[in-house]
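Here the working numbering is used: the first residue of the sequence shown is 2, the next is one more, and so on.
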Amino acid sequence: MFQDIGLTVLTSLVLIMISVPPILFLIWYVHDRRQSQHSVLRNFPLLGRVRYFLEMMGPELRQYMFDADDEGRPFSRVDFSNIVIKGKYLKTVIGFGSKRDFEKPGFYIRNSMFPKQKEEMRVMISPKIRTKRYVGTEGLFSRKEHLEEVEVSPWTVPDKDAIIIGPDCKKPWKVRGPVGMSAMSYGALGENAISSISYGLGMATGSWVHTGEGGLAPYHTVGGGDVIMQIGSGIFGVRNEDGSFSWEKFKEKAANPH
Numbered sequence: 002m003f004q005d006i007g008l009t010v011l012t013s014l015v016l017i018m019i020s021v022p023p024i025l026f027l028i029w030y031v032h033d034r035r036q037s038q039h040s041v042l043r044n045f046p047l048l049g050r051v052r053y054f055l056e057m058m059g060p061e062l063r064q065y066m067f068d069a070d071d072e073g074r075p076f077s078r079v080d081f082s083n084i085v086i087k088g089k090y091l092k093t094v095i096g097f098g099s100k101r102d103f104e105k106p107g108f109y110i111r112n113s114m115f116p117k118q119k120e121e122m123r124v125m126i127s128p129k130i131r132t133k134r135y136v137g138t139e140g141l142f143s144r145k146e147h148l149e150e151v152e153v154s155p156w157t158v159p160d161k162d163a164i165i166i167g168p169d170c171k172k173p174w175k176v177r178g179p180v181g182m183s184a185m186s187y188g189a190l191g192e193n194a195i196s197s198i199s200y201g202l203g204m205a206t207g208s209w210v211h212t213g214e215g216g217l218a219p220y221h222t223v224g225g226g227d228v229i230m231q232i233g234s235g236i237f238g239v240r241n242e243d244g245s246f247s248w249e250k251f252k253e254k255a256a257n258p259h
């Protein structure tokens with residue numbers, strides 16, 4: 002009895018798998034032939050859908066299959082890989098080989114026969130920062146990775162080399178790291194992403210969070226780091242109910258210690 006039921010269910014599933022695609026293609030065909038909005042779909046119903054599908058998949062196909070390592074904008078595959086390798090695996094040793102076109106004009110990093118050790122460089126390598134990195138192997142069909150806790154150096158400049166923004170202000174801003182988060186608003190990222198970035202950059206020290214045009218949210222300051230508040234055309238967070246600029250709200254936001 003149970004075998005008969007199982008065989009019936011299996012047969013039904015096979016029939017559904019066989020019959021659904023032709024029915025779906027038939028519905029698409031009839032619909033596309035009758036519509037008058039897209040001439041490609043009207044003249045070539047199924048091939049037109051394949052064409053639009055490939056068009057939508059174009060960026061992904063180029064990124065993973067057709068673009069060379071040094072192509073792609075705004076970042077090439079090499080640029081992207083370098084950031085991912087450093088951020089995910091904390092591997093900072095990258096070989097500069099002959100893939101670069103040295104005949105093109107520009108600036109190039111020259112390899113050193115006797116590179117300095119980090120203890121010899123004029124950077125802050127302590128106190129150490131506790132973080133995590135991925136460890137494992139990436140195979141063709143399997144990825145076996147796990148997180149392990151490690152301690153890394155902050156790599157910030159000492160006080161005497163810090164960039165002073167607003168030296169004549171009441172509270173000048175000492176920037177001890179030239180790299181921070183670019184302008185991405187609360188509306189674009191959401192509270193979870195902004196909180197994570199705030200915590201991460203606060204732990205890293207020397208960096209900052211940029212609010213973007215969406216105004217200052219509590220999630221920008223939860224990590225305890227520095228924050229750049231952008232006042233764009235919308236003047237979010239520093240405007241009156243009628244949309245005009247509010248000096249009082251601006252001074253209130255500017256008094257924030259972050």
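Where is the CB? At the ideal position from N, CA and C, for every residue including glycine.
Residue 215 is positioned such that its CB atom lies no closer than 8 Å to that of residue 191.
Here residue 255 is exposed: its Cβ has fewer than 16 other Cβ atoms, across all protein chains shown, within 10 Å. Your pair residue 185 and residue 155 does not check out as a contact, with CB atoms roughly 23 Å apart and the cut at 8 Å. Secondary-structure assignment with DSSP links residue 132 through a beta bridge to 151. A distance below 8 Å separates the beta carbons of residue 178 and residue 157. Pairing residue 213 with residue 231 gives a Cβ-Cβ distance under 8 Å.
Residue state for residue 35 is assigned as helix, using DSSP reduced to three classes.
Assigned with DSSP and collapsed to three states, residue 178 falls in coil, not helix or strand. The stretch 9-91 is shown to contain whole alpha helix (DSSP H) runs of 4 or more residues at 40-44, 46-57, 59-62 and 78-90, in chain order. DSSP, reduced to helix, strand and coil, places residue 242 outside both helices and strands of the structure shown, so it counts as coil. Note on geometry: alpha-carbon atoms of residue 173 and residue 153 lie some 28 Å from one another. In the assembly as shown, residue 248 is an exposed residue. Its beta-carbon has fewer than 16 other beta-carbons within 10 Å.
The beta carbons of residue 233 and residue 199 sit no closer together than 8 Å. Residue 198: not part of any beta strand (DSSP E); member of the alpha helix (DSSP H) spanning 192-205, first to last residue. Counting the other CB atoms within 10 Å of its CB gives residue 42 a total of 16 or more, which places it among the buried residues. In this structure, residue 52 lies away from residue 29, with their beta-carbon atoms at least 8 Å apart. When DSSP states are grouped into helix, strand and coil, residue 227 belongs to the strand group.
With 16 or more other CB atoms across the displayed protein chains lying within 10 angstroms of its CB, residue 237 is buried.
With fewer than 16 neighbouring CB atoms inside 10 Å of its own CB, residue 258 falls in the exposed class.
Residue burial annotation: residue 33 is buried, with at least 16 other C-beta atoms found within 10 angstroms of its C-beta. Our two residues, residue 26 and residue 44, have alpha carbons roughly 15 Å apart in a direct line.
Spanning the alpha carbons of residue 171 and residue 72 requires a straight line of approximately 46 Å.
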